[in-house]
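Numbering (UniProt numbering), first residue to last: 1 to 355.
Right under this line is the structure:
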């Protein structure tokens with residue numbers, strides 16, 4: 001009587017049985033016994049670096065969501081209607097093709113442009129550029145967190161309160177290991193660099209500017225160098241499993257004093273940067289504002305790196321990430337990418353949305 005026999009329980013039990021390899025003695029090889037059936041049934045797709053049950057479930061869920069979003073409107077709640085409208089806008093290939101590269105060009109103008117895709121960036125933006133305003137606006141308006149990850153979330157030690165969190169950012173490539181760019185990671189780095197160059201050339205072409213591949217490549221290699229140094233400054237994910245060790249609560253004033261940064265010869269204004277992000281609310285924080293810093297060691301290592309690069313390098317690296325995100329939903333006719341048979345090239349194109 002205690003055995004669950006509902007369709008959901010039977011389905012779950014079947015999944016577990018399919019994942020087992022009952023031919024193996026669990027006392028001899030428990031991993032093969034528990035996962036052997038799953039490993040035989042599923043292989044890692046060539047466009048992914050890893051694969052798990054979560055990927056399988058996500059794929060199944062996407063099929064269900066697709067059916068729901070393509071159903072005719074039938075008096076659903078406003079949230080569902082908005083989701084359907086967004087889905088239709090992303091799948092309306094005719095409208096996307098008609099816009100060409102204009103969405104990206106308009107976005108660049110809104111966020112201090114892209115130095116490598118402009119002939120007059122220093123004249124037009126160099127004088128009024130500040131790091132705090134540039135990356136703060138990208139976070140506030142486009143949800144892109146660059147060099148410094150700032151977000152509001154529940155306090156890990158007080159679930160009744162929300163608090164500002166400061167953390168290290170994500171990377172363009174799947175993990176820090178890729179940035180060695182040798183051995184099994186060499187092809188990924190080459191495809192990554194090729195993608196940067198192709199996007200720059202296309203933007204310059206759309207703007208009617210000459211595109212010297214040698215000049216563009218040299219600048220993108222410098223951008224890649226910057227991203228490698230950011231990766232090296234980051235704490236590895238396997239060393240971030242203990243939430244108690246990650247948690248460092250302090251005032252914004254303490255952050256400014258103990259985790260000071262210098263960019264373009266000027267001290268980084270932590271308060272100004274966070275207030276730029278919070279201006280969407282609008283809400284202004286003081287230097288006494290409590291924050292939780294998850295990666296103080298990252299900012300200590302980052303400080304000497306920042307002194308080695310100019311505003312152009314920061315904007316080129318940052319806009320490379322932003323451009324990659326938008327290119328994924330733009331005109332496929334205008335933005336053709338010839339990747340050949342490279343498995344890693346295909347994988348990186350799939351990863352564009354998180355760049």
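Ideal Cβ positions, reconstructed from N, Cα and C, are used throughout, including at glycine. Given the structure is predicted, the values throughout are model-derived calculations rather than measurements.
query                                                                                                             : result
Residues bridged to residue 210 (per DSSP)                                                                        : Residue 210 pairs with nothing; no bridge assigned.
C-alpha distance - residue 132 paired with residue 199, whole-angstrom precision                                  : 26 Å
Three CB pairs or more closer than 8 Å across the segment 213 to 231 and the segment 264 to 282                   : no
Through-space distance from residue 224 to residue 192, alpha-carbon basis                                        : 9 Å
DSSP bridge partner residues for residue 30 (one or two, in chain order)                                          : Answer is none; residue 30 lacks a bridge partner.
Per-residue DSSP class, three states only, for residue 244                                                        : helix
Own chain residues within Cβ distance below 7 Å of residue 333, not counting five before or after                 : Low local confidence applies: a pLDDT of 48 at residue 333 is under 50, so the model's placement there is unreliable, with the coordinate-based value given in what follows. Answer for residue 333: 97, listed in chain order.
Residue 158, buried or exposed, once every other Cβ within 10 Å from all chains shown has been counted against 16 : exposed
Opposing strand residues paired with residue 153 [DSSP bridges]                                                   : 163
Sheet register partners of residue 263 (DSSP bridge)                                                              : 266
Per-residue burial, residue 183 [other beta carbons within 10 Å of its own, 16 or more giving buried]             : exposed
Inter-residue spacing [alpha-carbon to alpha-carbon] between residue 114 and residue 207                          : 12 Å
Residue nearest to residue 217 in terms of C-alpha spacing, selected from 21, 197, 110, 234                       : 197
Short Cβ contact (9 Å threshold) for residue 247 with residue 168                                                 : no
Neighbourhood of residue 189 by C-beta, 6 Å cutoff - its chain only, sequence neighbours within 5 removed         : 181
Per-residue burial, residue 311 [other beta carbons within 10 Å of its own, 16 or more giving buried]             : buried
Closest residue to residue 226 among 124, 308, 88 (Cα-Cα distance)                                                : 308
Nearest candidate by alpha-carbon position, reference residue 275, set 156, 238, 139, 146                         : 139
Segment limits, alpha helix (DSSP H) that includes residue 174                                                    : Here residue 174 belongs to no alpha helix (DSSP H), and DSSP marks it neither H nor E.
Boundaries (first-last residue) of the alpha helix (DSSP H) holding residue 304                                   : 296 to 306
Straight-line Cα distance separating residue 287 from residue 47                                                  : 46 Å
Contact between the segment 228 to 236 and the segment 295 to 302 (3+ Cβ pairs under 8 Å)                         : yes
Nearest neighbour of residue 374, chosen from 292, 9, 245 [CA to CA]                                              : Because the chain in this structure spans residues 1 to 355, residue 374 falls outside the shown range and cannot be described.
Best match in 87, 22, 148, 161 for proximity to residue 259 [C-alpha to C-alpha]                                  : 148
Opening and closing residue of the alpha helix (DSSP H) in which residue 7 lies                                   : 7 to 19
Reduced DSSP category for residue 91 - H, G, I as helix; E, B as strand; rest coil                                : helix
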